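I have placed the structure first, in the form of structure tokens, so that the comments after it can refer back to it.
In this note's numbering, the protein residues as written are 433 to 571.
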């Protein structure tokens, strides 16, 4: 289980006026966190060790089977969508993509009720489908 809070810093490429409320509020905090992790933020914008969404296509192909979840009001939704697009372009092992309508960032960790259930059910279904597909290929 790997969670990458800020995959590629896509919001930095969007004019501030085009960011939604959640992106404006959360993005600054997220970027400040990553600036603390970086040794030289300005020089590390393409460093996939800091921003995993920047990894080369050949490395994307080597990732384990991947499921990406995001939500309608996720401050890093653009990162998730960009990562999905890159995985598809690289023919990387993308099992599933789920975008939860009405959900906010972190819903899978903090929400109780139907959104959390949807998250867990979709995760289980994606992995079951993957395992069954692997079994079918062995036959």
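Every residue gets a Cβ at the ideal spot worked out from N, C-alpha and C, and that includes glycine.
Since this is a predicted model, take the numbers as computed values, not measurements.
Inter-residue spacing [alpha-carbon to alpha-carbon] between residue 514 and residue 550: 23 Å
Straight-line gap, residue 477 to residue 554 (C-alpha atoms, nearest Å): 32 Å
Residues near residue 552 in its chain [Cβ-Cβ closer than 6 Å; skip 5 each side]: none
Cβ-Cβ distance between residue 440 and residue 509 below 8 Å: no
Alpha carbon of residue 501 to alpha carbon of residue 464, nearest angstrom: 23 Å
CB of residue 506 within 8 Å of CB of residue 536, strictly: yes
Inter-residue CB distance, residue 493 and residue 524 (contact presumed, cutoff 8 Å): 5 Å
Span of the alpha helix (DSSP H), counted from its first residue to its last, around residue 524: Premise fails: residue 524 is in no alpha helix (DSSP H) and is neither H nor E.
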